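Report on the following structure.
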Amino acid sequence: MEVGDRTSSSRHRAASAQQGPGPAAAASTSIGSCKQVQLPKEDVPTKLVAKAVPLPMTVRGHWFLSPRTEYTVAVQTASKQVDGDYMVSEWSEIIEFCTADYSKVHLTQLLEKAEVISGRMLKFSVFYRNQHKEYFDYVREQYGNALQPSVKDNSGSHGSPISGKLEGIFFSCNTEFNTGKPPQDSPYGRYRFEIAAEKLFNPNTNLYFGDFYCMYTAYHYVILVIAPAGSPGDEFCKQRLPQLNLRDNKFLTCTEEGGVMVYHHAQDVILEVIYTDPVDLSLGTVAEITGHQLMSLSTADAKKDPSCKTCNISVGR
Ligand SMILES: [Zn+2]
């Protein structure tokens, strides 16, 4: 039998996920010789469909596979003999493969779901990043005063092409609706680096949609990526993420009004903005916040709620 993508022109001979002589295999009347070729590590579709092929054996079935997941597959076949007994083959050798990350098509579906709950916008003027004092001391001493991009953790959607791969610096831009300013509390540390919005986000940068998820609470998160045009981060995102119009999108906009740049962010989701280049601390200010350091469990590698209908797409269905 064959397993392959419906749309794929290259047919991979492989084993099915049949667990021994199940109903499908038992319905066959003679044995099919299973010839195996290792599936390539790349170009494996996220949905494998077992086809009925003109071997003596017919198997019908399909498997919905998750993105960015390692699978091992082995096959065992059974065939009915004239005396009514089944002849069962040995298990085939095991085939291992890993499914791909979300494609741009999947991310565009996710983007459309995020747009549904991102209606209202608020004005803002600064991006900020809270950390402990030691973090900023370290940046000054070890990196010549420049915040350094680091690899994004595995929080968010399983299958996100930026998890564990994209390098950047997380910033917030959320403001309080009553003051128009960043909140004075933070769970990330008592020191805050603040930088004018136009230093990180302007017509010379590109904006990408990165992810949309929640973590078993009422809050939904949208990850956006800002990359200076032509930078390595920009090249990475261009190939993998849907690009957003700077002036016209539901999450983060930059428009010009009377020669002045005006910035808006979505009010009904929590934005996490990743900037892909180093950022010199001298471009902004570091100061202690006057509010509380909120107690919070770490969200590093936090898992997305897979049952939430608001922020999940069903791949391959
Ligand atoms: Zn959700």
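All you need for the working numbering is the position in the sequence shown, starting with 1, plus 1.
Glycine included, C-beta positions come from ideal geometry on N, C-alpha and C.
Note that the structure is predicted; figures quoted are calculated from it, not measured.
For a test of the three-state rule: what should DSSP assign to residue i, helix, strand or coil?
| i | result |
| --- | --- |
| GLY160 | coil |
| LEU247 | coil |
| GLY33 | Its pLDDT being 35, under 50, GLY33 is placed unreliably by the model, and nothing is read from it. |
| ALA198 | helix |
| PHE213 | strand |
| SER187 | strand |
| LYS114 | helix |
| CYS238 | helix |
| PHE178 | coil |
| ASP278 | coil |
| TYR139 | helix |
| LYS304 | strand |
| ASN313 | coil |
| VAL50 | Model confidence at VAL50 stands at a pLDDT of 41, short of 50, so the residue's coordinates are unreliable and nothing is read from them. |
Can you tell me which of the options puts its alpha carbon nearest to the alpha carbon of residue i?
| i | options | result |
| --- | --- | --- |
| PHE125 | GLU71, HIS265, GLU195 | HIS265 |
| VAL76 | THR70, VAL89, ILE271, SER164 | VAL89 |
| LEU242 | THR176, LYS305, THR291, TYR209 | TYR209 |
| GLY285 | THR254, ARG130, GLN244, GLU257 | ARG130 |
| GLU113 | HIS293, ALA303, ASN250, THR277 | ASN250 |
| SER67 | ASP84, ALA79, ASP102, ILE196 | ASP102 |
| GLY165 | TYR192, VAL140, GLY211 | GLY211 |
| GLY120 | ALA303, LEU253, ASN313, HIS107 | LEU253 |
| ILE271 | THR100, ALA219, LYS310, PHE202 | ALA219 |
| HIS293 | GLN149, ARG193, TYR139, GLU97 | ARG193 |
| HIS187 | ALA198, ASN179, PHE172 | According to the sequence as given, residue 187 is Ser; it is not His. Closest by alpha carbon: PHE172. |
| TRP92 | ALA79, GLU195, VAL83 | ALA79 |
| LYS310 | LEU111, ASN207, ILE95, ILE96 | LEU111 |
| GLU116 | TYR217, THR176, VAL274, PHE213 | PHE213 |
| ILE314 | VAL106, ASP278, MET216 | VAL106 |
| SER232 | ASP278, ASP302, ALA147 | ASP278 |
| THR109 | GLY260, ASP306, ASP302, GLN244 | GLN244 |
For ligand 1, is there a heavy atom less than 7 Å away from the beta-carbon of residue i?
| i | result |
| --- | --- |
| ASP306 | yes |
| THR311 | yes |
| CYS215 | yes |
| HIS221 | yes |
Could you name the residues that DSSP lists as bridge partners for residue i?
| i | result |
| --- | --- |
| GLY169 | SER151 |
| THR256 | VAL263 |
| SER1 | No answer is possible for residue 1: the residues shown for the chain start at 2 and end at 318. |
| ASN207 | ALA228 |
| LEU108 | In DSSP, LEU108 forms no bridge with anything. |
| ASP269 | ASP269 is not bridged to any residue. |
| VAL127 | ALA197 |
| ALA288 | ARG193 |
| ILE96 | VAL74 |
| HIS221 | CYS215 |
Rounded C-beta distance between residue i and residue j? I'm assuming under 8 Å.
| i | j | result |
| --- | --- | --- |
| ALA230 | ASN205 | 6 Å |
| THR100 | THR70 | 5 Å |
Check whether chain D comes within 8 Å of residue i, counting only Cβ atoms and requiring the distance to be less than that.
| i | result |
| --- | --- |
| SER158 | Note that chain D does not occur in the displayed structure, where there is just one protein chain. |
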